[in-house]
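Heads up: the protein sequence lines correspond to chains A and B, in order. With full-length UniProt numbering, the residue at position 31 of the first sequence is 31, and numbering never jumps. With full-length UniProt numbering, the residue at position 50 of the second sequence is 50, and numbering never jumps. Yeah, the Cβ is synthetic: ideal placement off N, Cα and C, and Gly gets one too. The structure appears below as structure tokens.
Number of protein chains: 2
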Amino acid sequence: MALTIGELGKATGTKVETIRYYERIGLLPNPPRTGGNYRAYGEPELGRLSFIRRARDLGFPLDQVRALLSLSDDRGRDCATVDALARDHLTEVERKITDLTALRQELSALITSCKGGTVADCRIIETLAPAPHPHG
Amino acid sequence: MALTIGELGKATGTKVETIRYYERIGLLPNPPRTGGNYRAYGEPELGRLSFIRRARDLGFPLDQVRALLSLSDDRGRDCATVDALARDHLTEVERKITDLTALRQELSALITSCKGGTVADCRIIETLAPAPHPHG
DNA sequence: CTTGACCCTATAGTTGCTACAGGGTGCATA
DNA sequence: TATGCACCCTGTAGCAACTATAGGGTCAAG
Chain A
1 MALTIGELGK ATGTKVETIR YYERIGLLPN PPRTGGNYRA YGEPELGRLS FIRRARDLGF
61 PLDQVRALLS LSDDRGRDCA TVDALARDHL TEVERKITDL TALRQELSAL ITSCKGGTVA
121 DCRIIETLAP APHPHG
Chain B
1 MALTIGELGK ATGTKVETIR YYERIGLLPN PPRTGGNYRA YGEPELGRLS FIRRARDLGF
61 PLDQVRALLS LSDDRGRDCA TVDALARDHL TEVERKITDL TALRQELSAL ITSCKGGTVA
121 DCRIIETLAP APHPHG
């Protein structure tokens, strides 16, 4: 059961270039090669790449994925580290949601304030432009 | 009233490197220089950079900021284009919020499922790892 | 006349890919 | 056997939007 890079990509929903990129940054091992210098993947690489994909789909950045991978190899270890990593990531996601929600609020207020007309009267532009401050 | 790049940065809350970057990509004009080849800014650049900052703070990407800037110069134009631009951006922000909210849901379910123990029993790792599929 | 804060240019690094350019391989088909 | 096509290879550059570094120059104060 040897997979080409394209087959591995199809099996995991990953682009070929991305797989080679993961290899380059050491997230995937250098696989054995065929006579024609094609990468030949097996079950373990398929598993590893699936793991990576799932973690990425959950939004974990690559360095955290790397950490998760190495933690997952250490079966006897306390999983508190894994838990902490996931919690950190969740916190980060929540922070982004908070920021974006505030942004949405501001943006929709801005848009609502625009009642048409020319750019000269536009509330959006007016909000962005600096107040023409009086000077002596 | 001539400002150095550092003063302009302080006045607008922008790092010096960022100002130079904006100049390089044509978002800010090449300012006049002093005898010692220092950039010398005036009121118009201060206004323009403030505009850029506010738009960036509202999350507009640089190409949209560029568009907003050029629209704002065209005072007689219908502001519908500005409005559409802002609405597009709002839609984008809402899409991100939706995505992140789904992610938060998945992540917190994952974290809740982890009841401690070793990595071997860890539900987080288990979720990420591929199901050991039976083969004939 | 030296110290220190500031300025200059040019270039490389960040994250996570994606997209070439310019070639080689492998299989089917005429 | 030749040819076409899909796929593979390496290496490098590009994307957003900065940030940081190296290696220098300028200017005001003491």
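Can you confirm whether residue i, when its beta carbon is compared against all beta carbons of chain B, has any partner nearer than 7 angstroms?
i                         : result
aspartate 63 of chain A   : no
serine 72 of chain A      : yes
lysine 15 of chain A      : no
threonine 118 of chain A  : yes
isoleucine 111 of chain A : yes
leucine 27 of chain A     : no
isoleucine 19 of chain A  : no
isoleucine 5 of chain A   : no
alanine 67 of chain A     : no
Along the chain, where does the alpha helix (DSSP H) containing residue i start, and where does it finish?
i                       : result
residue 160 of chain B  : Any question about residue 160 of chain B goes unanswered here, given that chain B covers just 1 to 136.
lysine 96 of chain A    : 80-113
tyrosine 22 of chain A  : 16-24
aspartate 74 of chain A : Unbroken run through aspartate 74 of chain A: none, as it is neither H nor E.
glycine 56 of chain B   : Correcting the residue identity first, residue 56 of chain B is arginine in this sequence and not glycine. 43-57 is the extent of the alpha helix (DSSP H) around arginine 56 of chain B.
arginine 123 of chain A : 123-128
Please report the Cβ distance between residue i and residue j, rounded to the nearest whole angstrom; I am assuming they are in contact, meaning their Cβ atoms lie under 8 angstroms.
i                       : j                           : result
leucine 3 of chain B    : phenylalanine 51 of chain A : Rounded, the Cβ-Cβ distance is 53 angstroms, inconsistent with contact.
leucine 28 of chain A   : leucine 49 of chain A       : 6 angstroms
cysteine 122 of chain B : valine 82 of chain A        : 5 angstroms
leucine 85 of chain B   : glutamate 106 of chain A    : The pair is not a contact, with the Cβ atoms about 15 angstroms apart (cut-off 8 angstroms).
leucine 90 of chain A   : isoleucine 111 of chain B   : 6 angstroms
leucine 100 of chain A  : leucine 100 of chain B      : 7 angstroms
arginine 53 of chain B  : threonine 12 of chain B     : 5 angstroms
residue 141 of chain A  : cysteine 79 of chain B      : The structure shown does not extend to residue 141 of chain A, since chain A spans only 1 to 136, so no value can be given for it.
arginine 33 of chain A  : arginine 24 of chain A      : Actually they are not in contact, since the Cβ atoms of arginine 33 of chain A and arginine 24 of chain A sit about 16 angstroms apart, beyond 8 angstroms.
For residue i and chain A, any beta-carbon pair shorter than 7 angstroms?
i                      : result
arginine 75 of chain B : yes
leucine 128 of chain B : yes
leucine 54 of chain B  : A small fix is needed here, since residue 54 of chain B is arginine in this sequence, not leucine. Interface residue, yes.
leucine 107 of chain B : yes
glycine 59 of chain B  : yes
glycine 9 of chain B   : no
glycine 136 of chain B : In this predicted model, glycine 136 of chain B has a pLDDT of only 36, less than 50, meaning its place in the structure is not dependable enough to derive any value.
Contacting positions in the segment 29-51 of chain B - beta carbon closer than 8 angstroms to chain A:
Answer set for the segment 29-51 of chain B: Leu46, Gly47, Ser50, Phe51.
Examine the Cβ distances between the segment 60-72 of chain A and the segment 12-19 of chain B and report whether three or more of them are shorter than 8 angstroms.
Too few Cβ pairs lie closer than 8 angstroms, so no.
Which residues of the segment 76-105 of chain A have a Cβ closer than 8 angstroms to any Cβ of chain B? Give them in chain order.
Only Gly76, Arg77, Asp78, Cys79, Ala80, Val82, Asp83, Ala86, Arg87, His89, Leu90, Val93, Glu94, Lys96, Ile97, Leu100, Thr101, Leu103, Arg104 from the segment 76-105 of chain A bring a Cβ to less than 8 angstroms from some Cβ of chain B.
Is the segment 92-107 of chain B touching the segment 7-15 of chain B in the sense that three or more CB pairs, one from each, lie closer than 8 angstroms?
No, because fewer than three Cβ pairs between the segment 7-15 of chain B and the segment 92-107 of chain B fall closer than 8 angstroms, the two stretches do not touch.
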